[in-house]
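Asker:
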Amino acid sequence: MKKSMTSKHFNRLKKEIMYHDCKLTAEEPPVIGFINSGYCVYLRRFFRNSFLISEANPRSATVFHSKASIRTETERHLQYFYNVIHPFSNVMYFWEIFLTFVNCIAMFIYPLLSYKYEEALRYVVYAKFALDVIFTVDILRTFNCGYLNNNTNRVHLERTEVAIHYLKGWFCVDLVCTFNIDLFLLHYKQFRVLKFFNFVRILRLSRLLKYLVIYRQFHSFSLYKYNFCKIVLLTCILLLWLTSFLYAMNMELREKWMKDLGYMDEVVTCLYRVAYLVFLVGFGEGHSEHNYTLVFEMICWILGISMRLFIIAEIVQIVNKKPFTKKMRYCLHYQNLFDERSNLPTAVVLKLVDSLKPVIVLPNDVVVLAGTVGDNMYFIHNGTVAVYTTGGIEVCHLTDGSNFGEVCLVMKEEKRIATVVAVDCSELYILSRTAFEKVINPYPDLYNRMCKIANDRFMKTMARDASMRSIIG
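Residues in the sequence shown are numbered consecutively from 1, following full-length UniProt numbering.
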């Protein structure tokens, strides 16, 4: 009877949760405090919100793990960088999807400029002009859009930092790929070799690969589909660009295997020859006479070998990403309890996982204080914490899957050597020394080895802390 009542109570509670009508007042969005008067208030708020960080952007979840951290980032953005575009905003979400398709189209449009079919070339030139306009707008947009520093996992919105970061990175590639060499050729037709400058736009392929990764994050494509589509796309782009380059080269050199052929026959012959070279089948019909063509054919061979190695690497990556059972995923997630060299048995890992206790910490909560005696190790399930030395110097941020405080499990009465503060609302798991010793006591050799590893880490950390204090003074 008791069991029946418990089950009935549970079902009723579950139903209430599923159809919960919340009576709590939702917190107002920060933008309301900045736009609360004047004309078209709702329209201006909608416009401004589209440039702020958004939960709808899948990339925001990789850095900001809670609503509190997103709200804090929004307030920082509005207060100090009002007119800068956030990299995780709705505008950037749609713009990056748009640029993925635009870059893909550009990879198929640009090589067509080398062909001499006048009727079609006119439309290709129009398309090229439209692409150049879009990429010019993107260059200007990049100077006014923040970026994510992957090393510190922080978003930078300061315009000076954004400009320096862009100038040191993608700016040269974007500028060269957008520069219109055709205007120069109209006045200096004697420099015919400059027409090959258009093939420098192949550098935009690096941009396309970057946007493909972002597009996969947006739509959660499986690794299998993504790698298959990427291999097919890159193969088609490689064949098209090499065919166009060989065609443009032979318009100047006129190899014997290109003579007395019509326009379409010339294109098909070049494609046929490039496919032979790239797929490492042979040289095609006829041998080349000019040194430039021979060098090009050698490059095609090298690219063909590289493409094979790339495909093999992608297949190996897919094989290594095979899904694990739930128990194996737990083991792998918590295997970083100690260094891999400690060779923790699977049974020990599973017992340690069962001993973990969950805890929630709020922003600015001190999780660990330097100088105090500790007896717990912490695992970050989700959230972000900041690590400070005893001198108050911020060292790094730890996020999902990281751990800290392992030294105190094997070194009793040892004081903490760092302070850990929660950056946002975080969910942690605690492993106490008592639970750890209960699990590890049947393995004395393993315990001694862990003590040695922990002592080595402790000495290295102390030496690093002392060197940082001496540098800062």
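For every residue, glycine included, the Cβ atom is placed at its ideal position computed from N, Cα and C.
No experiment lies behind these values; they were computed from the predicted model shown.
Quick check on Y447: does DSSP put it in helix, strand or coil?
Answerer: helix
Asker: Quick check on this structure: which residue in A386, T419, I380 has the alpha carbon closest to the alpha carbon of F372?
Answerer: Reading the sequence as shown, one finds Thr at residue 372 and not Phe. For the residues A386, T419, I380, the minimum Cα distance to T372 belongs to T419.
Asker: My output table needs one value for I53: the three-state DSSP class, helix, strand or coil.
Answerer: Residue state, collapsed to three classes: strand.
Asker: Using the three-state DSSP reduction, which class does E161 fall into: helix, strand or coil?
Answerer: DSSP, reduced to helix, strand and coil, places E161 within a helical segment of the structure shown.
Asker: State whether the stretch 443-460 contacts the stretch 384-403, with contact taken as three or more CB pairs (one from each stretch) at a distance under 8 angstroms.
Answerer: no
Asker: Compare the C-alpha of Y93 against each of M107, I109, C172, P58 and name the closest.
Answerer: P58
Asker: DSSP three-state call for P358: helix, strand or coil?
Answerer: strand
Asker: If I follow the unbroken beta strand (DSSP E) through V155, where does it start and stop?
Answerer: 154-156
Asker: Considering only residues of the same chain and omitting the five flanking positions on each side of F34, which have a CB-CB separation below 6 angstroms?
Answerer: Excluding sequence neighbours, F34 sits near L78.
Asker: Just to confirm the assignment, what range does the alpha helix (DSSP H) spanning M411 have?
Answerer: Note, M411: premise wrong, no alpha helix (DSSP H); not H, not E.
Asker: So, are the CB atoms of P111 and S244 less than 8 angstroms apart?
Answerer: yes
Asker: Report yes if the C-beta distance between V410 and A454 is below 8 angstroms; otherwise report no.
Answerer: yes
Asker: What's the gap between the Cα of R122 and the Cα of I380?
Answerer: 59 angstroms
Asker: Mapping the DSSP letters down to three states, classify E291 as helix, strand or coil.
Answerer: Glu is not the amino acid found at residue 291; the sequence shown has Asn there. Reduced to three states, the DSSP call for N291 is helix.
Asker: Look at the Cβ atom of V84, then the Cβ atom of L157, and state whether they are nearer than 8 angstroms.
Answerer: yes
Asker: Relative to the C-alpha of L212, which candidate in C172, I97, F81 has its C-alpha closest?
Answerer: Out of C172, I97, F81, I97 has the C-alpha closest to the C-alpha of L212.
Asker: In the DSSP assignment, find the beta strand (DSSP E) that holds F196 and state where it starts and stops.
Answerer: First-last for F196: undefined, no H or E at that position.
Asker: Quick check on the DSSP output: the alpha helix (DSSP H) that includes C236 runs from which residue to which?
Answerer: Boundaries of the alpha helix (DSSP H) around C236: 223-253.
Asker: Do L277 and E297 have their C-beta atoms closer together than 8 angstroms?
Answerer: yes
Asker: Does DSSP put N36 in a helix, in a strand, or in coil?
Answerer: Residue state, collapsed to three classes: coil.
Asker: What are the boundary residues of the beta strand (DSSP E) that includes L271?
Answerer: Note, L271: premise wrong, no beta strand (DSSP E); alpha helix (DSSP H) at 263-278.
Asker: What residue range is occupied by the uninterrupted alpha helix (DSSP H) comprising C172?
Answerer: 171-178
Asker: Can the beta-carbon of residue 510 be found less than 8 angstroms from the beta-carbon of I134?
Answerer: In the structure displayed, the chain extends from 1 to 473; residue 510 sits before or after that span and is not available.
Asker: With respect to the alpha helix (DSSP H) encompassing S69, which residues constitute its N-terminal and C-terminal limits?
Answerer: 67-80
Asker: Looking at C-beta atoms only, is the number of pairs between the stretch 165-180 and the stretch 136-154 that lie closer than 8 angstroms three or more?
Answerer: yes
Asker: From this set, V274, R76, L362, which residue's C-alpha is nearest N382's C-alpha?
Answerer: L362
Asker: If you follow the beta strand (DSSP E) that Y378 is in, where does it begin and where does it stop?
Answerer: 376-382
Asker: Which residues bound the alpha helix (DSSP H) around I106?
Answerer: Before going further, note that residue 106 is Ala rather than Ile in the sequence given. Unbroken alpha helix (DSSP H) run through A106: 90-109.
Asker: Provide the residue span of the beta strand (DSSP E) that contains E427, from first to last.
Answerer: 426-432
Asker: Would A421 pass as a contact of V385 if the rule is Cβ separation under 8 angstroms?
Answerer: It should be pointed out that residue 421 corresponds to Val in this sequence rather than to Ala. Between V421 and V385, the C-beta spacing is below 8 angstroms.
Asker: Quickly, what does DSSP pair L398 with across the bridge? List them, please.
Answerer: V385
Asker: By alpha-carbon positions, which one of H290, F143, L208, G304 ends up nearest to I105?
Answerer: L208
Asker: Once the 5 residues before and after R44 are set aside, which same chain residues still bring their CB inside 8 angstroms of it?
Answerer: Correct list, in chain order: I35, G38.
Asker: Can you name the residues that DSSP bridges to K415?
Answerer: DSSP output for K415 lists V373 as bridge partner(s).
Asker: Please determine, among R48, I70, P30, the residue with the shortest C-alpha to C-alpha distance to C425.
Answerer: I70
Asker: On the criterion of 16 or more Cβ atoms from any shown chain inside 10 Å, does S222 qualify as buried, or is it exposed?
Answerer: Classification for S222: exposed.
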